[in-house]
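K.L.:
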Ligand SMILES: [Zn+2]
């Protein structure tokens, strides 16, 4: 079966291939740097990371643009309250986002672009829309006339045709019930930043930012536009209206949206005040890769119910895989090749790939790997696993980790010193002498987590860094 994705636009799963050549042109809405991102936001970015990696696994090249929204209503409000300039204010949260992304092992998009560096492109786009009669002015602001775009509502699958002409909305974020003509360009206000452009002085609305940056780098029709489900309306609906009204072409071929992260019985959000940042969870002793695993393990179109139980399960799952890898790397297996197990390895690999081809079904992909690990661990215990089966099994793990990226040692592992390792090894030897094998095994796992591999030999315990 070919690679296929669900598109919010058509509400169906469709076969995917890029429009031109081998390169996927993808735009994802990045963070609005008004505050720290929370793990609900990170779920969206993790989904996009899995999507990136899977496209590359399938042989495509990527031209992925992610924006940093560094000017919008909230940023202006918060910067003002903090008595900082826009740049001073957003620099802190931009860096915090990049640090979080690196800790979560999110690949850097090919282009990471800032809204404030593309103001003239936004003004040009608005000028083009005005020439086509899609806009009107009111008190120095410029609005998009949604009645000028008959397809308005096609992404969120709502009928907005009854909306009273001329009713306007000035804020960037509003509900479907409040759908009106929206602001493309906002008139300068006392104490607010503004830019001089061909359409006059002012600042862009949030929605035009993404249309302008996407089209500048990726052309008029993108292969994929992705974001969190809450961006479907009004943000992406408005992006479609502006872009397509201007070009007359489809703005994006695939619209992919990841579902909410739920905490308790509510969507995790800053405005509800029920959220964890990455720093909150790291402060409680969790490794970023456990959070990454948890966020990636639920297929992106399903709601993800965040609990500490599920986070613990993620820790255990990673540990199981790391232990399995260690066993492959360190245990002596009988010479030869078990053909049946080799065939089983290929089957697991096929199941892994078919699951991800199926609209990134990460849960099934993981199930394929874990079932394989369970069966081959048993085969090892029964003496059926052979030296020739090691390489193919490690290869399967490498395929898995090219996408999930959780097996590499935790970030702080690099900082463990030789004397610290020696001390821990001595402590483990002590536990073994006391026949406390559970404790000894636990310590082996902990060292492995920090990138240290122990080998029990006749001459005693040897250790090496991964
Ligand atoms: Zn956007």
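Residue numbers (our numbering): 42 to 507.
Just so it is clear, CB atoms sit at the ideal spot from N, CA and C, and this is done for glycine as well.
Only a predicted model underlies this, so the values are computations on that prediction, with no experimental measurement involved.
Confirm, please, whether the CB-CB distance from residue 166 to residue 252 is below 8 Å.
P.N.:
yes
K.L.:
Taking the runs of the alpha helix (DSSP H) that are 4 residues or longer, which of them lie wholly in the stretch 462–505?
P.N.:
478–490
K.L.:
Roughly how many whole angstroms lie between the Cα atoms of residue 254 and residue 222?
P.N.:
22 Å
K.L.:
May I have the straight-line CA-CA distance separating residue 370 from residue 376, to the nearest angstrom?
P.N.:
15 Å
K.L.:
Hey, could you find the ends of the beta strand (DSSP E) residue 108 is sitting in?
P.N.:
102–109
K.L.:
Can you check DSSP and say which residues form a bridge with residue 241?
P.N.:
238
K.L.:
Below 7 Å, is the gap between the Cβ of residue 276 and the nearest heavy atom of ligand 1?
P.N.:
yes
K.L.:
Rounded to the nearest angstrom, how far is the Cβ of residue 91 from that of residue 403, given a contact under 8 Å?
P.N.:
7 Å
K.L.:
Residues in the same chain with beta-carbon distance under 8 Å from residue 97, minus the five sequence neighbours each way, listed in chain order, please.
P.N.:
103
K.L.:
Tell me which residues pass a beta-carbon proximity test against ligand 1: closer than 5 Å to any heavy atom, given in chain order.
P.N.:
70, 251
K.L.:
Count the other C-beta atoms from every protein chain shown that fall within 10 angstroms of the C-beta of residue 437, then say buried if there are 16 or more, exposed otherwise.
P.N.:
buried
K.L.:
For a quick check, are the C-beta atoms of residue 397 and residue 277 less than 8 Å apart?
P.N.:
The Cβ-Cβ distance between residue 397 and residue 277 does not fall below 8 Å.
K.L.:
Could you pull the DSSP bridge partners for residue 315 from this structure?
P.N.:
310
K.L.:
In the DSSP output, what is residue 65 paired with across the bridge?
P.N.:
When beta bridges are read from the DSSP output, residue 65 appears opposite 103.
K.L.:
Bridge partners of residue 246, per DSSP?
P.N.:
The partner list for residue 246 (beta bridge, DSSP) is empty, contrary to what the question assumes.
K.L.:
Which of the three DSSP states, helix, strand or coil, is assigned to residue 326?
P.N.:
Residue 326 falls in the coil class under three-state DSSP.
K.L.:
Between the stretch 275–291 and the stretch 259–267, do three or more beta carbon pairs fall short of 8 Å?
P.N.:
yes
K.L.:
Can you give, in chain order, each stretch of the alpha helix (DSSP H) that sits fully within the stretch 361–425 and has at least 4 residues?
P.N.:
380–398, 403–422
K.L.:
Round the Cβ separation of residue 344 and residue 281 to the nearest angstrom and send it over; I've been treating them as touching at under 8 Å.
P.N.:
Contact flag wrong, Cβ pair sits at about 25 Å.
K.L.:
Thinking C-alpha only, which one of 393, 148, 118 is nearest residue 414?
P.N.:
393
K.L.:
I need the DSSP call for residue 548, collapsed to helix, strand or coil.
P.N.:
Here the chain comprises residues numbered 42 to 507, so residue 548 is not present and cannot be evaluated.
K.L.:
DSSP three-state call for residue 81: helix, strand or coil?
P.N.:
Helix at residue 81.
K.L.:
Residue 183 and residue 240 look like a contact to me (Cβ under 8 Å); what is the Cβ gap, rounded to whole Å?
P.N.:
Confirmed, Cβ separation roughly 7 Å.
K.L.:
Would you say the stretch 466–474 touches the stretch 336–352, given that touching needs at least three Cβ pairs under 8 Å?
P.N.:
no
K.L.:
Would you please state the rounded distance, in angstroms, between the beta carbons of residue 54 and residue 135? I believe it to be under 8 Å.
P.N.:
That belief does not hold up - the Cβ atoms of residue 54 and residue 135 are roughly 35 Å apart, past 8 Å.
K.L.:
Excluding the five sequence neighbours on either side, which residues of its own chain have a C-beta within less than 8 Å of the C-beta of residue 149, listed in chain order?
P.N.:
142.
K.L.:
Report the three-state DSSP secondary structure of residue 346 (helix, strand or coil).
P.N.:
strand
K.L.:
Less than 8 Å separating the beta-carbons of residue 153 and residue 109?
P.N.:
Remark: C-beta atoms of residue 153 and residue 109 approach each other more closely than 8 Å.
K.L.:
When the Cα atoms are used, what is the spatial distance from residue 48 to residue 57?
P.N.:
10 Å
K.L.:
Around the Cβ of residue 382, are there at least 16 other Cβ atoms within 10 angstroms (buried) or fewer (exposed)?
P.N.:
buried
K.L.:
Where in the stretch 250–275 do unbroken runs of the beta strand (DSSP E), each at least 3 residues long, occur, reported from the N-terminal end onward?
P.N.:
Fully enclosed beta strand (DSSP E) runs of no fewer than 3 residues occupy 263–269 of the stretch 250–275, in order along the chain.
K.L.:
How big is the Cα-Cα spacing for residue 465 and residue 505?
P.N.:
13 Å
K.L.:
I'd like to check one pair, residue 301 with residue 332: are the Cβ atoms closer than 8 Å?
P.N.:
no
K.L.:
Please work out which residues of its chain come closer than 7 Å, Cβ to Cβ, to residue 123, disregarding the five sequence neighbours upstream and downstream, and give them in chain order.
P.N.:
130
K.L.:
Quick check on DSSP: helix, strand or coil for residue 95?
P.N.:
helix
K.L.:
Looking at the structure shown, is residue 221 part of a helix, part of a strand, or coil, going by DSSP?
P.N.:
For residue 221, the secondary structure class from DSSP, reduced to helix, strand or coil, is coil.
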